[in-house]
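Participant: Take a look at this one; I'll ask things after.
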Amino acid sequence: MIEHLIPVLAGTLAAATPLIFAGLGELVAERTGVINLGVEGMMLIGAVAGFAAAAHSDGGALAGLPAGAVAGMLAALIFAILSLSMAANQAACGLALTIFGIGLSAFIGQHYVSYSLPGLPPLDIPGLSEIPVIGRILFHQDAVTYLGLVTFVGVWWVLKKTRLGLVLKAVGEAPDAAHAIGYPVIAIRYGATLFGGAMAGIAGAYLSTVYTPLWVQNMVAGRGWIAIALVVFAAWNPTRLLLGAWLFGGVTILQFHAQGLGIALPVQFLAALPYLATVVVLVLISRDKRLLQLNLPASLGKPWMP
Amino acid sequence: MSTPSPPFSGPPEGTPRLELAGITKRYPSVVANDGVHLKVGPGEIHAVLGENGAGKSTLMKIIYGAVQADAGQIQWNGREVVIANPSEARRLGIGMVFQHFSLFETLTVVENIALALDEPFDLKGLAARVKEVSTRYGLPLDPDRLVYSLSVGERQRVEIVRCLLQEPQLLILDEPTSVLTPQAVQKLFETLRRLASEGVSILYISHKLHEIQSLCHSATVMRGGKVTGTATPSRETPASLARMMIGRELPVCEVPAFTGEATPVLSVRGLSHTPDDPFGTALKDIALEVRRGEILGIAGISGNGQAELLAALSGETTGPADTVVLAGTPVGHLDAGRRRKRGLTFVPEERLGRGAVPPMSLADNATLSAHGHGLVKKGFLRPKAAWEFAKACIERFDVRCGGPGAAARSLSGGNLQKFIVGREIMQQPIAMVVAQPTWGVDVGAAAFLRQTLIDLSRSGVAILVISEELEELFEICDRIAVLAEGRLSEAVPKQQTNAEKIGMQMSGLFSAADTREPAHAAA
Ligand SMILES: Nc1ncnc2c1ncn2[C@@H]1O[C@H](COP(=O)(O)OP(=O)(O)OP(=O)(O)O)[C@@H](O)[C@H]1O
Ligand SMILES: [Mg+2]
Numbered sequence: 016m017i018e019h020l021i022p023v024l025a026g027t028l029a030a031a032t033p034l035i036f037a038g039l040g041e042l043v044a045e046r047t048g049v050i051n052l053g054v055e056g057m058m059l060i061g062a063v064a065g066f067a068a069a070a071h072s073d074g075g076a077l078a079g080l081p082a083g084a085v086a087g088m089l090a091a092l093i094f095a096i097l098s099l100s101m102a103a104n105q106a107a108c109g110l111a112l113t114i115f116g117i118g119l120s121a122f123i124g125q126h127y128v129s130y131s132l133p134g135l136p137p138l139d140i141p142g143l144s145e146i147p148v149i150g151r152i153l154f155h156q157d158a159v160t161y162l163g164l165v166t167f168v169g170v171w172w173v174l175k176k177t178r179l180g181l182v183l184k185a186v187g188e189a190p191d192a193a194h195a196i197g198y199p200v201i202a203i204r205y206g207a208t209l210f211g212g213a214m215a216g217i218a219g220a221y222l223s224t225v226y227t228p229l230w231v232q233n234m235v236a237g238r239g240w241i242a243i244a245l246v247v248f249a250a251w252n253p254t255r256l257l258l259g260a261w262l263f264g265g266v267t268i269l270q271f272h273a274q275g276l277g278i279a280l281p282v283q284f285l286a287a288l289p290y291l292a293t294v295v296v297l298v299l300i301s302r303d304k305r306l307l308q309l310n311l312p313a314s315l316g317k318p319w320m321p
Numbered sequence: 008m009s010t011p012s013p014p015f016s017g018p019p020e021g022t023p024r025l026e027l028a029g030i031t032k033r034y035p036s037v038v039a040n041d042g043v044h045l046k047v048g049p050g051e052i053h054a055v056l057g058e059n060g061a062g063k064s065t066l067m068k069i070i071y072g073a074v075q076a077d078a079g080q081i082q083w084n085g086r087e088v089v090i091a092n093p094s095e096a097r098r099l100g101i102g103m104v105f106q107h108f109s110l111f112e113t114l115t116v117v118e119n120i121a122l123a124l125d126e127p128f129d130l131k132g133l134a135a136r137v138k139e140v141s142t143r144y145g146l147p148l149d150p151d152r153l154v155y156s157l158s159v160g161e162r163q164r165v166e167i168v169r170c171l172l173q174e175p176q177l178l179i180l181d182e183p184t185s186v187l188t189p190q191a192v193q194k195l196f197e198t199l200r201r202l203a204s205e206g207v208s209i210l211y212i213s214h215k216l217h218e219i220q221s222l223c224h225s226a227t228v229m230r231g232g233k234v235t236g237t238a239t240p241s242r243e244t245p246a247s248l249a250r251m252m253i254g255r256e257l258p259v260c261e262v263p264a265f266t267g268e269a270t271p272v273l274s275v276r277g278l279s280h281t282p283d284d285p286f287g288t289a290l291k292d293i294a295l296e297v298r299r300g301e302i303l304g305i306a307g308i309s310g311n312g313q314a315e316l317l318a319a320l321s322g323e324t325t326g327p328a329d330t331v332v333l334a335g336t337p338v339g340h341l342d343a344g345r346r347r348k349r350g351l352t353f354v355p356e357e358r359l360g361r362g363a364v365p366p367m368s369l370a371d372n373a374t375l376s377a378h379g380h381g382l383v384k385k386g387f388l389r390p391k392a393a394w395e396f397a398k399a400c401i402e403r404f405d406v407r408c409g410g411p412g413a414a415a416r417s418l419s420g421g422n423l424q425k426f427i428v429g430r431e432i433m434q435q436p437i438a439m440v441v442a443q444p445t446w447g448v449d450v451g452a453a454a455f456l457r458q459t460l461i462d463l464s465r466s467g468v469a470i471l472v473i474s475e476e477l478e479e480l481f482e483i484c485d486r487i488a489v490l491a492e493g494r495l496s497e498a499v500p501k502q503q504t505n506a507e508k509i510g511m512q513m514s515g516l517f518s519a520a521d522t523r524e525p526a527h528a529a530a
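Quick mapping for you: the protein sequence lines, in order, are chains A and B.
So this note's numbering is basically just the index in the first sequence, starting at one, shifted up by 15.
So this note's numbering is basically just the index in the second sequence, starting at one, shifted up by 7.
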């Protein structure tokens, strides 16, 4: 039994990694009051940029991730200029960014269709990976999955323990008040939005260069939307986001195994299962109005000008 | 009020702490400051007086760097400075308490304070200091509470303590006492006098003239963005100060006798409610009755159940149907919109946020609450009607602003209050609940608003006023009850009581006969 579970759990961590990156980025942006619906687009742009960088250099995935981050950040910059400097509607800008990302990645990616990359071998943490069961689940992962967890700890720590975290929350809560006591609201929102873009770019590059190192058009497959949903499901709390990402990752892996074991459910249903599970949890959680109200950044999605 | 400050001996020696010359600030629709000169010496408590929209807050925000002047110079301790933003002002030693609270609701008190201090981030240490400083200054605060659960009075304390912790050389207080209790005001004044004697300069804005007289050494009077004069408050009378401010004599309120129709229009019976919010005050068996044509006043220190009672009356929280009865119909289970349709209007305590949506225009804000009055037809907005409604309200209540298209947040504090009260009055209610009707309104406009409320009641509307200002309650109300710790005393005609008795009750000292608390409470 345990022998069957180990690959499932180990796979869960890897499948959750793109959601952790993209979700944390979106969470930070939303904390400051910016809702960027372009996560899916930024992930695709990051994916294709990362793939191209990895294909044309000998750095492989290690070249892909920084390239993805930069590309995601540039995509977020377009969004920021429109929605923050020009106060355009954030939802419309985000949707436009997603459509743009789908088109651009397909256009650039046509050169790489069916091209595959070496990927990234798992990295054993010396000592720890020898622990029975746990070692093979937790400490036999690719380097980016570890990086995702380190990023989670970093974001959690900044939000919870530092002045910067407090300032981010304050700006999302009441931009007028933050401005009145002297915080540069627009600059802070730019920073958070660009961070979100970089993280989405890394998430995309991870998908294309590590997770399935083979270019397929539209390979992000809705994970950007799930990341946005997870942020809400998590009530803007990074720990809950992590759990949500694992839930989604776990169901994703389980349905692969179910397909492999020939469980008599339609493949389409199984493929929809992770999304369905996440939506159900979302609905259940949003019944706790108090929790949502306390954590919902009050200025979320509202344009602000000094 | 209390002992006046020691008279300020002549002009302050040496260089003034702050000197403004020719400060000008234009907004699209109005010149908010027009060549303003102002001088404050070390240790001087200087009042800035003026009617609503005179430009006081704008001037203070310029000094604090939150707004940039179009022209003019600022000298700080004899040196010309440009104050580009508030953190620069704080670095110079300038602290400010804003008229509209600049607090973050979902953060705790200590987090709010930490955000405004430029010092290493240490919440634990700061919480201890907040506790210590707030008790020392008589403004008690619990550092770990979330701000959204605080009453407006408590929020004001947070703002003041936040400012005091910066140990400023110049303290700007923009209407700091508008929602403080008389005791807290006394404490605050002691604190301010102590600070002044230590050399801190203070700029003090208030519409309460007796406060200015008891506290301030000197005063600058503004009207329409210009300085119209200076005065030594201790040598003036409230009437002469008022004349300098509004440029004419202060009108006197006329209160026609209550011509007693005993039909209750709005009544509350057996209303108990424990709020979800762990910091809220539970209402305990509230009963009251507002009759046709009368004004009932509810006195009390905010935080004693005012917010909860207001929510229960307005329909923001609902309960059993028969706890609230409007014109014979039980409405306790109906939401705010349905109660509005039945003729109950409502002026909330917080103006920005609950009373008005800051970035929206006045016309749109009118639509929000007055939608039953031809502003919405078959579910569609009628922008023209809303525009006309807002325009009529602006004219009738003399709201000084850029017109119906002006954003709510561009109005001066008092003008926004006039607009909100006016909007509710114009809906021809049968009953009206008003919290702090003249909060931040200048003396002239306050007299006008009070008169309007009185006239409205005499035309047959039942009005309930919740206020901390005893003087106001005694001026306009027919009967007064006291809300303390979630319990409401029996309403008594104002002729049968006095400010002293009410004041005692406000601090929770009911005599047994006055309470409606069941007998077992004594056990
Ligand atoms: N951001 C803004 N945009 C446009 N007009 C503004 C803005 N801020 C203030 N004003 C206008 O400037 C004038 C002065 O406003 P200010 O707030 O300084 O008045 P005030 O003296 O503080 O009044 P109050 O006693 O009511 O608080 C008002 O006419 C107001 O409408
Ligand atoms: Mg003002």
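C-beta: ideal position from N, C-alpha, C; glycine also.
Determine the DSSP secondary structure at residue 19 of chain A, reduced to helix, strand or coil.
Facilitator: helix
Participant: When you compare only the Cα positions, how much space is there between residue 231 of chain B and residue 248 of chain A?
Facilitator: CA-to-CA, the gap between residue 231 of chain B and residue 248 of chain A works out to about 51 Å.
Participant: Measure the alpha-carbon distance for residue 309 of chain B versus residue 292 of chain A and round it to whole angstroms.
Facilitator: 47 Å
Participant: Would you mind telling me which residues of chain A sit closer than 8 Å to residue 105 of chain B, beta carbon to beta carbon, in chain order?
Facilitator: 195
Participant: Please list the partners that residue 92 of chain B has in chain A, where partner means a Cβ-to-Cβ separation under 7 Å.
Facilitator: 197
Participant: Strictly below 9 Å CB to CB, what residues from chain A border residue 73 of chain B?
Facilitator: 194, 195, 196 and 197
Participant: Just to make sure I have the definition right: I need the residues of chain A whose C-beta is within less than 7 Å of the C-beta of residue 166 of chain B. Which are they?
Facilitator: Simply none; closest approach about 10 Å.
Participant: Can we count residue 449 of chain B as close to ligand 2, meaning its CB is less than 7 Å from some heavy atom?
Facilitator: no
Participant: So, does the CB of residue 184 of chain A fall closer than 8 Å to a CB anywhere in chain B?
Facilitator: Yes, contact with chain B.
Participant: Please identify the residue among A:278, A:221 and A:256 whose C-alpha is closest to the C-alpha of residue 62 of chain A.
Facilitator: A:221
Participant: Please tell me whether, using a cut-off of 7 Å, the distance from the CB of residue 63 of chain B to the nearest non-hydrogen atom of ligand 2 is below it.
Facilitator: In terms of side-chain proximity, the C-beta atom of residue 63 of chain B is found nearer than 7 Å to a non-hydrogen atom of ligand 2.
Participant: Output the distance between the C-alpha atoms of residue 256 of chain A and residue 59 of chain B, rounded to the nearest integer angstrom.
Facilitator: 48 Å
Participant: So, residue 118 of chain B versus residue 130 of chain B, is the Cβ gap smaller than 8 Å?
Facilitator: yes
Participant: Tell whether a beta-carbon distance below 8 Å holds between residue 101 of chain B and residue 177 of chain B.
Facilitator: yes
Participant: For the pair the segment 63 to 82 of chain A and the segment 34 to 48 of chain A, tell me if three or more CB-CB distances fall below 8 Å.
Facilitator: no
Participant: Does DSSP put residue 34 of chain B in a helix, in a strand, or in coil?
Facilitator: strand
Participant: Along the segment 99 to 129 of chain B, where does the CB come closer than 7 Å to a CB of chain A? Name the residues.
Facilitator: With the criterion set as a beta carbon lying under 7 Å from some beta carbon of chain A, the members of the segment 99 to 129 of chain B are 105, 109, 110, 111, 112, 113, 114, 118, 121, 122, 123 and 128, in sequence order.
Participant: Taking the alpha carbon of residue 466 of chain B as the point to measure from, which residue in B:436, B:409 and B:479 has its own alpha carbon closest?
Facilitator: B:436
Participant: Determine whether the beta carbon atoms of residue 2 of chain B and residue 311 of chain A lie at a separation below 8 Å.
Facilitator: Because chain B here runs from 8 to 530, residue 2 of chain B falls outside it and cannot be looked at.
Participant: Using a Cβ-Cβ distance cut-off of 8 Å, determine whether residue 283 of chain B contacts chain E.
Facilitator: In summary, chain E is missing from the structure at hand, where the protein chains are A and B.
Participant: Below 8 Å between beta carbons: does that hold for residue 246 of chain A and residue 55 of chain A?
Facilitator: No, they are not a contact pair.
Participant: I want to know whether the segment 253 to 273 of chain A touches the segment 83 to 100 of chain A - three or more CB-CB distances under 8 Å.
Facilitator: no
Participant: Could you say which of A:233, A:189, A:215 and A:84 lies nearest to residue 123 of chain A if we only look at CA atoms?
Facilitator: A:233
Participant: Helix, strand or coil for residue 80 of chain B per DSSP?
Facilitator: Three-state result, residue 80 of chain B: strand.
Participant: Can you pull the chain A residues whose beta carbon is under 9 Å from the beta carbon of residue 365 of chain B, in chain order?
Facilitator: Neighbours of residue 365 of chain B on chain A, chain order: 191.
Participant: Would you say the beta carbon of residue 241 of chain B comes nearer than 7 Å to a heavy atom of ligand 2?
Facilitator: Residue 241 of chain B: no, Cβ never under 7 Å from ligand 2.
Participant: To the nearest angstrom, report how far apart residue 71 of chain B and residue 215 of chain B are at their CA atoms.
Facilitator: 23 Å
Participant: Residue 89 of chain A to residue 238 of chain A, Cα distance in whole Å?
Facilitator: 20 Å
Participant: Starting from residue 141 of chain B, trace the beta strand (DSSP E) both ways and give me its first and last residue.
Facilitator: Unbroken run through residue 141 of chain B is the alpha helix (DSSP H), 130 to 143; no beta strand (DSSP E).
Participant: Contact defined as beta carbons within less than 8 Å: I believe residue 47 of chain A pairs with residue 207 of chain A. What is the distance between those atoms, to the nearest angstrom?
Facilitator: Right, the Cβ-Cβ distance comes to about 4 Å (below 8 Å), so this counts as a contact.
Participant: Count the other CB atoms, across all protein chains shown, that sit within 10 Å of the CB of residue 190 of chain B; report buried if there are 16 or more and exposed otherwise.
Facilitator: exposed
Participant: Roughly how many angstroms lie between the CA atoms of residue 195 of chain A and residue 185 of chain A, to the nearest whole one?
Facilitator: Those two C-alpha atoms are separated by around 12 Å.
Participant: Note down the Cα distance separating residue 495 of chain B from residue 507 of chain B, rounded to an integer number of angstroms.
Facilitator: 17 Å
Participant: With a 10 Å radius around its C-beta and 16 neighbouring C-beta atoms as the bar for buried, classify residue 394 of chain B as buried or exposed.
Facilitator: buried
Participant: Measuring alpha carbon to alpha carbon, tell me which of A:191, A:284, A:127 and A:218 ends up nearest residue 270 of chain A.
Facilitator: The shortest Cα separation from residue 270 of chain A among A:191, A:284, A:127 and A:218 belongs to A:284.
Participant: Just how far apart, CA to CA, sit residue 198 of chain A and residue 348 of chain B?
Facilitator: 43 Å
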